[in-house]
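First comes the structure, then the notes that go with it.
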Amino acid sequence: MLEGLSKQISGDWADLQQVGLQPENLAAYFHFSNDDLSVLVSGLAGSYEQGIVEYKYGLLLPLFAGIEDIKFKNISLDELSAKTRAIDLLLFLCSLQRAVCSSGLAVRPEETEDDATSIDAPEIKLILADVMNRIKENPEAKNNNLVKMILTQLVIYQKERETMQKLAPNIKDLQKRKLFLDNFRTTFSRISESIRKYYTDLVSSEQKRERQIKQEQVFSLTQLPLKEMLTHFTKQAREISRIRSTISFALAGRYKVREILLRVYGEKESMQGLLDKELEAFGKAGKGVLPPLDAERVSIAWAQELKQIILQIS
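Here the sequence shown is numbered in the working numbering, starting from 77 and rising by one per residue.
And the structure:
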């Protein structure tokens, strides 16, 4: 029987490695429904004191409490099976953490130009009014290259307009006059488009600068030594997988279930120790970022990250 258990433990771990670390594949492997994923999202969102470690404790302790019940009363196998669903959730979360550490999966991707807010350039009069107001409030704005180009186009526009107003009255031939005015309209249109383009670039550059400032102010998991944390999450995942396989083996075999599960219960402290070490690892990693962060803040960031990943597949 022990030989069979050993094979199941190694086989289940091999199967999990075969699945890979893509969230969609992992969710399918554990047969998670959208309701299951919604439960995870809600739980992670509500873990605002100690983040992911808090949520893992919330899964682990009821699991062991359910196993402990068999010491004192008879529990049906179906009831036990329902209680052990938490082990799947734990292993799924651990696998997502491994994915983040090994491949940078979905770690707050940098905002690209396509992600930026689209800008509809206003009318030329409004653009010029805004540029002039910027210069009035901050004379240094005139040194901005894009502002300089807008002002240059404005000077060209004014000169062309003066030329048109000066020459147009002297053209008596209607056809020549129409051609003359059409040429100026084309010129004015080209100038207007240039002004719109430079103004759009000006606003875009300001938005990009604002986003960069916000990104510097908001903590990101990319600031952590993720590769170093991979070892911890892999060890945690293996231990959780081993317990999952042991419980599954006992329930499927329906033989010495009580004995096997009580053996699992004996590992409660060691499993709690893994979660405590996770929080310690977060504290150590948090000291290496600027400004330094405590373990709880890093753990909360992990919970938020995993929540976003799960939302993308639910």
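For each residue, glycine too, the CB sits at the ideal point set by N, CA and C.
Next item on the list: Decide if F148 is buried, meaning its Cβ has at least 16 other Cβ atoms within 10 Å, or exposed.
Entry: Taking the sequence shown and counting its residues from 1, one reaches residue 148 at position 72. Exposed, because fewer than 16 other Cβ atoms sit within 10 Å of the Cβ of F148.
Notebook entry, point to check: Are the beta-carbon atoms belonging to V340 and I143 less than 9 Å from one another?
Noted result: Your numbering for residue 340 matches position 264 in the sequence shown. Your numbering for residue 143 matches position 67 in the sequence shown. Going by C-beta atoms, V340 is nearer than 9 Å to I143.
Check: Just how far apart, CA to CA, sit G127 and A326?
Finding: Counted from its first residue, the sequence shown places residue 127 at position 51. Counted from its first residue, the sequence shown places residue 326 at position 250. When rounded, the distance between both Cα atoms is 32 Å.
Note to self: Does the structure place the segment 315-324 close enough to the segment 80-94 that three or more beta carbon pairs sit under 8 Å?
What the structure shows: yes
Next item on the list: Run the CB neighbour count on L369, radius 10 Å, all protein chains shown included, and call it buried at 16 or more, exposed below.
Entry: As a working mapping, residue 369 is identified with position 293 in the sequence shown. Classification of L369: buried, given that the 10 Å Cβ count is 16 or more.
Checklist line | Distance between E286 and Y275 (C-alpha atoms, nearest Å) | finding: For the purposes of this step, residue 275 is identified with residue 199 of the sequence shown, where counting begins at 1. For the purposes of this step, residue 286 is identified with residue 210 of the sequence shown, where counting begins at 1. Going by the C-alpha atoms only, they are around 17 Å apart.
Next item on the list: Go ahead and label A73 buried or exposed: buried means 16 or more other beta carbons lie within 10 angstroms of its beta carbon, across all protein chains shown.
Entry: Only positions 77 to 390 of the chain appear in this structure, which leaves residue 73 out of reach.
Notebook entry, point to check: What is the DSSP secondary structure of D249, reduced to helix, strand or coil?
Noted result: Counting from 1 along the sequence shown, the entry for residue 249 is found at position 173. Reduced to three states, the DSSP call for D249 is coil.
Check: What span of residues does the alpha helix (DSSP H) with V223 cover, start to end?
Finding: As a working mapping, residue 223 is identified with position 147 in the sequence shown. First-last of the alpha helix (DSSP H) with V223: N221 to L243.
Notebook entry, point to check: What's the C-alpha gap between K51 and E216?
Noted result: No statement about residue 51 is possible, as the shown extent of the chain runs from 77 to 390 and does not include it.
Checklist line | Identity of the residue in E304, F260 and K332 nearest M240 by Cα | finding: The residue you call residue 240 lines up with position 164 of the sequence shown. Taking only the C-alpha atoms, the option nearest M240 is F260.
Notebook entry, point to check: Ends of the alpha helix (DSSP H) at I376?
Noted result: By 1-based counting over the sequence shown, the position of residue 376 is 300. Per DSSP, I376 belongs to the alpha helix (DSSP H) from A371 to I389.
Check: Do the CB positions of E372 and E125 come within less than 9 Å of each other?
Finding: On the sequence shown, residue 372 is found 296 positions in, with the first residue counted as 1. On the sequence shown, residue 125 is found 49 positions in, with the first residue counted as 1. Closer than 9 Å, so yes.
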